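With the numbering used here as the guide, the letters of the sequence shown map in order to residues 2 to 363.
Structure first, then comments.
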Amino acid sequence: MSTVRFATEHPYCVEIDNGALEKLPALIADSSRVAVIYAEPLVEVALEVARLVGSATVSVLSIGVPEGEAAKTPQILASCWSTLASAGFTRSDLIIGVGGGATTDLAGFVAASWLRGVSYLSVPTTVLAMVDASVGGKTGIDLPEGKNLVGAFHEPNGVIADLSLLATLPAREIRSGLAEVIKAGFITDERIRALIAESASGSLDVASARHAELIRRAVQFKADVVSKDLRETTSVGAAIGREVLNYGHTLGHAIESWEHYELRHGEAVALGMIFAAHLSRRLLGLSDEAVATHYELLAALGLPTSYRRAPFGELRELMARDKKTRGQALRFVGLRNLGDPAMIVAPSERVLEECYAQLGRD
Ligand SMILES: NC(=O)c1ccc[n+]([C@@H]2O[C@H](COP(=O)([O-])OP(=O)(O)OC[C@H]3O[C@@H](n4cnc5c(N)ncnc54)[C@H](O)[C@@H]3O)[C@@H](O)[C@H]2O)c1
2 MSTVRFATEH PYCVEIDNGA LEKLPALIAD SSRVAVIYAE PLVEVALEVA
52 RLVGSATVSV LSIGVPEGEA AKTPQILASC WSTLASAGFT RSDLIIGVGG
102 GATTDLAGFV AASWLRGVSY LSVPTTVLAM VDASVGGKTG IDLPEGKNLV
152 GAFHEPNGVI ADLSLLATLP AREIRSGLAE VIKAGFITDE RIRALIAESA
202 SGSLDVASAR HAELIRRAVQ FKADVVSKDL RETTSVGAAI GREVLNYGHT
252 LGHAIESWEH YELRHGEAVA LGMIFAAHLS RRLLGLSDEA VATHYELLAA
302 LGLPTSYRRA PFGELRELMA RDKKTRGQAL RFVGLRNLGD PAMIVAPSER
352 VLEECYAQLG RD
């Protein structure tokens, strides 16, 4: 069993192991009622969670929601509130989210908003949710006008990453989640790069010790970053705080949006990281060898490394819109070297376009 501690405003632990679900009952504390909000296809997992936490003194309310992004809507949020209201859910009750990042984003936001905030436990069931979405305290839903526009910081009381739940995850979802793991490797963790370089197939095998180490290291990376800057307040000018997690995301988000989310998040981020590597080579002196490492590791895991579908002007427009919602100049996380991140603020249009052209090479 690995435990990673988030030393944030409300410290909590992420338990990572095959069979980590067994730890759940110990985290229920004094709650008399528990609502399990789960992605409907994962009903078996939700039943197991209900079995583990239910007892003579704890009653369990199960709330199934659509899988994926379809759950992150105002309508589903309101239906969860109505169910809690009908059940008379109180401040001392507890919500558990069970599913991928979309489900844990929704369930976390239900917990953040119900009676101005009730306790929350997360049971992520995808690689992406384990290493990213369910850890770090961000929760929220989408609007027709854009993704993640409504949300709150609401830290969980605990996160149970039971690796055995990944056994049913489709290969494409595993690859997508590993893009966020490689991101941690590029930004800081040399051992992550080595683990993937030594064996891509072992890295993709969710039953392997190699995969477990990758998950643990990526969660530790996020804990280190978030513990220093939970609310992303230290990324100002050239300074870099939680924003470092956005490596590959500035262009990645634009590609995801242009593709109407037909690409998985990690696939778009993989492309964004290739772009960021080229930008870093031009503006921060990143070596050709380090750029080549980006291609090698991402391709080894079956993630995309070239892209030319969207015209650059349209992606540039989407990045500007994203920028407007943040009220900042266009900012990219870059690398001076592998393991040495730095901000790139307002780069020239010519360099942006030339680096995008590089992404079109096979
Ligand atoms: N809060 C944050 O900090 C943060 C960070 C990154 C991403 N996110 C959000 O996370 C979401 C993406 O997360 P995701 O990739 O986990 O997507 P997801 O929740 O859409 O899950 C992907 C698919 O996998 C299925 N699935 C989940 N667990 C499974 C299992 N064990 N076996 C078989 N199938 C399973 C789901 O039903 C779904 O179809 C996005 O909404 C994104 O905005 C949030």
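Just so it is clear, CB atoms sit at the ideal spot from N, CA and C, and this is done for glycine as well.
Small disclaimer: the values here were computed from a predicted structure and weren't measured.
Original post:
Helix, strand or coil: how does DSSP classify F154 here?
Top reply: strand
**OP:** Give a single yes or no on whether K148 has its beta carbon closer than 7 Å to a heavy atom of ligand 1.
**Re:** yes
**OP:** Return yes when the C-beta of S177 is under 7 Å from any heavy atom of ligand 1, and no when it is not.
**Re:** yes
Original post:
By how many angstroms is the C-alpha of S60 removed from the C-alpha of G186?
Top reply: 42 Å
Subject >> Those residues which DSSP pairs with C14 across a bridge >> reply: Residue pairing for C14: DSSP places it in a beta bridge opposite R6, G159.
Subject >> Inter-residue Cα distance where the pair is W115 and D94 >> reply: Taking the straight line from one Cα to the other gives about 10 Å.
Subject >> Whole runs of the alpha helix (DSSP H) within the segment 90 to 159, excluding any shorter than 4 residues >> reply: 102 to 114
Original post:
Got a sec: is the Cβ-Cβ distance from N19 to anything in chain C below 8 Å?
Top reply: The structure shown has no chain C; it contains just one protein chain.
Subject >> Residue ranges of each alpha helix (DSSP H) within the segment 38 to 76, 4 or longer >> reply: 44 to 54
Original post:
Does DSSP put V35 in a helix, in a strand, or in coil?
Top reply: strand
Subject >> Alpha-carbon spacing of L167 relative to N338, whole angstroms >> reply: Rounded to the nearest angstrom, the two C-alpha atoms are 33 Å apart.
Original post:
Whose C-alpha, out of A8, S80, T9, L22, is nearest the C-alpha of I38?
Top reply: Nearest C-alpha to I38: S80.
Original post:
Could you give the distance in angstroms between the alpha-carbon of V237 and the alpha-carbon of G253?
Top reply: 21 Å
**OP:** Determine, using beta-carbon pairs with one atom in the segment 50 to 58 and one in the segment 68 to 86, whether at least three such pairs fall under 8 Å.
**Re:** No: fewer than three Cβ pairs fall under 8 Å.
Original post:
Hey, which unbroken runs of the alpha helix (DSSP H) at 4 residues or more fall wholly within the segment 192 to 258?
Top reply: 201 to 205, 210 to 229
Original post:
Considering only the beta carbon of each residue, do F276 and L331 sit closer than 8 Å?
Top reply: no
Original post:
Going along the chain, which residues of its own chain have a beta-carbon closer than 7 Å to the beta-carbon of E233, five neighbours each way excluded?
Top reply: G242, R243, E244
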